[in-house]
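Working notes, structure below.
Residue numbers (my numbering), protein chains in the order written: chain A, 10 to 336; chain B, 40 to 488.
Quick look at the structure:
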């Protein structure tokens, strides 16, 4: 099976869906001539032309709104934000137009569009450009939110997002674009939205996470295994709607859960996961659920402080040991 | 002379008590035996009573706060006595001076008190013996120079108002395997009982479970009894009625039985020969035992957090002795023939009066009978012998004019009054028991059926 980068997996997904359906088009800053800030749209302008691969001015609110309008009249836009940090400028179109149009038009206008771009911190991009927005977006009824952590999941989820008749937010990662993974080329990769995946199996505890943090979780699991501790690593993949069955079955098996996310603690995605656990798995818990997340500060620019603020392998291992009452 | 009021072990397994409510204010005059406060133990809310007369000078434990057994929580002294030295030592760990005796002692005392029968006593007395640390008598002289102190006792596992901490999973597992979590040692933070503790306790098997040791007051439920945890309604009934009427909310049911047939039977048996003579009391004992076998709901013990129902009937019979009374036990009375009961009752009464009963002969009863008929008492109410939940008071047998089939005639009649612990026995339940008893006594041939 070919091993490709996350960036190429996204590129394949876009190309395949644009070939499959000529209503699909890509719009955003630098997506066409420059081939994408992160080269996700490489070669697409050449293949599909400037009607379907559209460079925009630096006007997030404007092109997000154009996307919503295009979706209302039957096109299937993919709106690329150079990062989700910039998408704050477009949040009104995402939250107030895209997410609510079907509801407020009494079902007349569904919005089959995708908002996508890198989310969370990279390296030393400082406080304004290092933020994980999933809890903001997943908060909104009317949006679906996916956060793939591997090339395979990125391809499968982007294709499903493009085919979905409702607005889907896709959270990628600058640090993920270069990561590699197996993606088959002899079959269509489609991953249902709302379906988590058990990325690794163990009996002692569960790490429940999503997006970029799946890499942290798997590394932590490797190190824990050397100490004889085997953990389930559940990759939510979709944050909204969340795969409750996957959460319940892992917690019922291990009785101990660590919820790992890239963003801040307060009202984070992890808080929601913990709530689902306490609602449905109260009698299965042998320890309070422990969360791992970014420190509750604006992301520091200084390298050492940034490292200290981010959730990482060591913090995850410590959390697993805590729920197992070790040390 | 000032008296320390310490947190007493109000249940045999109590390590810590939460002060629910002070019933006396600072400055109130208190008498020995008077209730000072309500304390929540690991099992129930109990009364903490004064151990001396005097003025409640200082309350050292706020309401809703918990203190380990043995900790000073108040001081009783005369109005003008200087208690500064005592008060300043408050909150310290119990000294080795006997304030907090080792658990073994608690166990021993618990057994003695709780063994059930012996002499019915007042609740206050019973509590006094069950509670561990006697309030230490101290003079108001300044304390001696600080000497070496015993190491402070380890923090009890239950850090939270006497509550045992456990994970939800551990609770579910314990419930599934019928394990008493109170008896499991927690290894988690703050003594939290977690999965591995329950697994270890289950693996250790029933014999190794500390449950038997941790519940010393009464024998653990065995094949002859079954424990039923209190339902919410039972808890509420218990709490509400106790508020209304003392520690044992008692109510009384009186019935008058026709004794003609019993008298005929007794006469007929005596006519056969002296060896077939039985007393009225023997017949009543046999009838009560038989009725109890049919109503195990009243053949029970109140254990604070549960009710223990017995499948065997051990009948206590109150016997007056020179300086009080004692309740020897006819064991398995329901399975004994009348002649056996008669012989045994006579023998027990005789040895009771000679004060030759062994402890095992006056403990372990599941229900009691008290008969003052021979003193000509028409009817009376007997005091329940805790932890039993009922006692039957037998009045005198006498001829009375009554109406039978529209005709006034004379019949031998006898009044019985059952005292019922309402926490366990409701009115209708007691009444059904008396109904059965009436059937047996008015048709004594059923006793040989």
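All residues carry an ideal CB built from backbone N, CA and C; glycine is no exception.
| request: Give a single yes or no on whether residue 444 of chain B has its beta carbon closer than 7 Å to a heavy atom of the ligand FMN. | output: This structure lacks the ligand FMN, and indeed carries no ligand of any kind.
| request: Within its chain, find whatever has a CB closer than 7 Å to the CB of residue 69 of chain A; leave out the 5 residues flanking it on each side and keep chain order. | output: As a working mapping, residue 69 of chain A is identified with position 60 in the first chain. Sequence-distant partners of residue 69 of chain A (beyond 5 residues in either direction) whose C-beta falls short of 7 Å from its own C-beta, in its chain, are 90, 95, 96, 98 and 99.
| message | Taking 8 Å as the threshold (beta carbon to beta carbon), is residue 207 of chain B in contact with chain A? | response | Mapped onto the second chain, residue 207 of chain B falls at position 168. Chain A contact via Cβ: present.
| said: Less than 8 Å between the C-beta atoms of residue 61 of chain A and residue 35 of chain A, yes or no? | reply: Taking the first chain and counting its residues from 1, one reaches residue 61 of chain A at position 52. Taking the first chain and counting its residues from 1, one reaches residue 35 of chain A at position 26. Yes, the pair counts as a contact, with Cβ atoms nearer than the cut-off.
| request: Could you name the residues of the same chain whose beta carbon sits closer than 7 Å to that of residue 295 of chain A, not counting the 5 residues immediately before and after it, in chain order? | output: Along the first chain, one-based indexing puts residue 295 of chain A at 286. When the five nearest sequence neighbours on each side are left out, the beta carbons in the same chain lying within less than 7 Å of the beta carbon of residue 295 of chain A are those of 264 and 265, in order along the chain.
| So what does DSSP say about residue 3 of chain A, is it helix, strand or coil? | Look at the range of chain A in this structure, 10 to 336, and you will see that residue 3 of chain A is not part of it.
| task | Determine the direct distance from the alpha carbon of residue 378 of chain B to that of residue 322 of chain B, and round the result to whole angstroms. | result | For the purposes of this step, residue 322 of chain B is taken as the residue at position 283 of the second chain. For the purposes of this step, residue 378 of chain B is taken as the residue at position 339 of the second chain. For residue 322 of chain B and residue 378 of chain B, the distance between alpha carbons rounds to 10 Å.
| message | Taking 8 Å as the threshold (beta carbon to beta carbon), is residue 328 of chain A in contact with chain B? | response | Residue mapping note: residue 328 of chain A aligns to position 319 of the first chain, counting from 1. Judged by the 8 Å Cβ criterion, residue 328 of chain A is not in contact with chain B.
| task | Counting only the same chain and skipping the five closest in sequence on each side, list residues whose C-beta sits under 6 Å from that of residue 357 of chain B. | result | Along the second chain, read from residue 1 onward, the residue named residue 357 of chain B stands at position 318. Counting only Cβ-Cβ distances below 6 Å, and skipping sequence neighbours, we find 364, 366 and 409.
| field | Beta-bridge partners of residue 37 of chain A, as assigned by DSSP | value | Here residue 37 of chain A corresponds to residue number 28 of the first chain, with the count starting at 1. For residue 37 of chain A, which the question treats as bridged, DSSP gives the partners A:64 and A:89.
| request: Below 6 Å CB to CB, which residues in the same chain sit around residue 96 of chain B once its five sequence neighbours on both sides are set aside? | output: Residue numbering aside, residue 96 of chain B sits at position 57 when the second chain is read from its first letter. Closer than 6 Å at the Cβ level, and outside the excluded window around residue 96 of chain B, lie 114, 116 and 122.
| Opening and closing residue of the alpha helix (DSSP H) in which residue 299 of chain B lies | Indexing the second chain from 1 puts residue 299 of chain B at position 260. 299-311 is the extent of the alpha helix (DSSP H) around residue 299 of chain B.
| Option in B:487, B:463, B:467 and B:48 with minimal Cα separation from residue 267 of chain B | Counted from its first residue, the second chain places residue 267 of chain B at position 228. Measuring C-alpha to C-alpha distances from residue 267 of chain B to each of B:487, B:463, B:467 and B:48 identifies B:463 as the nearest.
| said: Could you tell me the alpha carbon to alpha carbon distance between residue 274 of chain A and residue 130 of chain A, rounded to whole angstroms? | reply: The residue you call residue 274 of chain A lines up with position 265 of the first chain. The residue you call residue 130 of chain A lines up with position 121 of the first chain. Their backbone Cα atoms lie some 15 Å apart in a straight line.
| said: If the cut-off is 8 Å on Cβ atoms, which residues from the stretch 208-226 of chain B count as contacting chain A, listed in chain order? | reply: From the stretch 208-226 of chain B, only 208, 209, 210, 211 and 226 have a Cβ closer than 8 Å to chain A.
| said: Suppose contacts are defined by Cβ-Cβ distances below 8 Å. Is residue 152 of chain A in contact with residue 108 of chain A by that definition? | reply: Within the first chain, the letter at position 143 stands for residue 152 of chain A. Within the first chain, the letter at position 99 stands for residue 108 of chain A. In terms of Cβ geometry, residue 152 of chain A and residue 108 of chain A form a close pair [threshold 8 Å].
| message | On the DSSP letters alone, give me the boundaries of the alpha helix (DSSP H) that residue 348 of chain A sits inside. | response | Beyond the ends of chain A as shown, which are 10 and 336, falls residue 348 of chain A; an answer cannot be given.
| task | Give the residues from the stretch 261-287 of chain A that approach chain B closer than 7 Å (Cβ to any Cβ), ordered along the chain. | result | Within the stretch 261-287 of chain A, the qualifying residues are 264.
| query | Among residues of its own chain, excluding the 5 on either side of residue 448 of chain B, which ones have a beta-carbon nearer than 8 Å to its beta-carbon? | reply | For the purposes of this step, residue 448 of chain B is taken as the residue at position 409 of the second chain. Contacts found: 440, 441 and 442.
| message | For chain A, check one thing: does any of its Cβ atoms lie closer than 8 Å to the Cβ of residue 233 of chain B? | response | Your numbering for residue 233 of chain B matches position 194 in the second chain. Put simply, the CB of residue 233 of chain B is near chain A, with a gap under 8 Å to one of its CB atoms.
| message | Within 10 Å of its beta-carbon, does residue 116 of chain A have 16 or more other beta-carbons around it, so buried, or fewer, so exposed? | response | Within the first chain, the letter at position 107 stands for residue 116 of chain A. Taking a 10 Å sphere around the C-beta of residue 116 of chain A, we find fewer than 16 other C-beta atoms and assign the residue as exposed.
| query | Can you give the beta carbon distance from residue 264 of chain B to residue 350 of chain B, rounded, assuming they're within the 8 Å contact cut? | reply | Indexing the second chain from 1 puts residue 264 of chain B at position 225. Indexing the second chain from 1 puts residue 350 of chain B at position 311. Contact flag correct, Cβ pair sits at about 6 Å.
| said: Using only the alpha-carbon positions, how far apart do residue 148 of chain A and residue 270 of chain A sit? | reply: Counted from its first residue, the first chain places residue 148 of chain A at position 139. Counted from its first residue, the first chain places residue 270 of chain A at position 261. Distance between residue 148 of chain A and residue 270 of chain A, taken at the CA atoms: about 15 Å.
| Hey, does residue 17 of chain A have any beta-carbon neighbour from chain B nearer than 8 Å? | Residue mapping note: residue 17 of chain A aligns to position 8 of the first chain, counting from 1. For residue 17 of chain A, the answer is no, since every Cβ of chain B falls outside 8 Å of its Cβ.
| task | Spell out whether any CB of chain B is found under 8 Å from the CB atom of residue 334 of chain A. | result | Taking the first residue of the first chain as 1, we reach residue 334 of chain A at position 325. Closer than 8 Å: yes.
| said: Once the 5 residues before and after residue 157 of chain B are set aside, which same chain residues still bring their CB inside 7 Å of it? | reply: Numbered from its first residue, the second chain carries residue 157 of chain B at position 118. With a pLDDT of only 38 at residue 157 of chain B, under 50, the local geometry of the prediction cannot be trusted, and the value read off the model is given with reservation. Contacts found: 365, 366, 401 and 402.
| request: Given a cut-off of 8 Å, decide if residue 170 of chain A and residue 123 of chain A are closer than it, judged by their beta-carbon atoms. | output: Mapped onto the first chain, residue 123 of chain A falls at position 114. Mapped onto the first chain, residue 170 of chain A falls at position 161. Cβ distance < 8 Å, so residue 123 of chain A and residue 170 of chain A count as in contact.
| query | To which residues of the same chain is residue 428 of chain B closer than 6 Å at the C-beta, ignoring the five residues directly before and after it? | reply | The count along the second chain starts at 1 and reaches residue 428 of chain B at position 389. The answer, listed in chain order, is 339, 341, 460, 463 and 464.
| message | Please list, in chain order, the chain B residues whose beta carbon lies closer than 8 Å to that of residue 291 of chain A. | response | Within the first chain, residue 291 of chain A is the residue found at index 282, counting from 1. Contact annotation for residue 291 of chain A against chain B: 207 [CB-CB distance below 8 Å, chain order].
| query | What residue range is occupied by the uninterrupted alpha helix (DSSP H) comprising residue 282 of chain A? | reply | Indexing the first chain from 1 puts residue 282 of chain A at position 273. Counting along the chain, the alpha helix (DSSP H) containing residue 282 of chain A begins and ends at 278-289.
| request: Show which residues of chain B have a CB atom less than 8 Å away from the CB atom of residue 296 of chain A. | output: Locating residue 296 of chain A in the first chain gives position 287, counting from the first residue. The answer, in chain order, is 206, 227 and 233.
| Using DSSP with H/G/I as helix, E/B as strand and the rest coil, what is residue 145 of chain A? | Position 136 of the first chain, counted from the start, is the residue given in the question as residue 145 of chain A. In the structure shown, residue 145 of chain A sits in a helix (DSSP, three-state: H, G or I).
| request: Measuring alpha carbon to alpha carbon, tell me which of A:330, A:157, A:199 and A:284 ends up nearest residue 173 of chain A. | output: Taking the first chain and counting its residues from 1, one reaches residue 173 of chain A at position 164. Measuring from the Cα of residue 173 of chain A, the nearest candidate turns out to be A:199.
| Alpha-carbon spacing of residue 425 of chain B relative to residue 108 of chain B, whole angstroms | Translated into the one-based positions of the second chain, residue 425 of chain B becomes position 386. Translated into the one-based positions of the second chain, residue 108 of chain B becomes position 69. Between the alpha carbons of residue 425 of chain B and residue 108 of chain B lies a distance of about 24 Å.
| Is there contact here, the stretch 385-394 of chain B with the stretch 290-307 of chain B, by at least three beta-carbon pairs under 8 Å? | Output reads no: the stretch 290-307 of chain B does not touch the stretch 385-394 of chain B.
| request: Return helix, strand or coil for residue 377 of chain B, following the three-state DSSP convention. | output: For the purposes of this step, residue 377 of chain B is taken as residue 338 along the second chain, with counting starting at 1. Note: residue 377 of chain B maps to helix in three-state DSSP.
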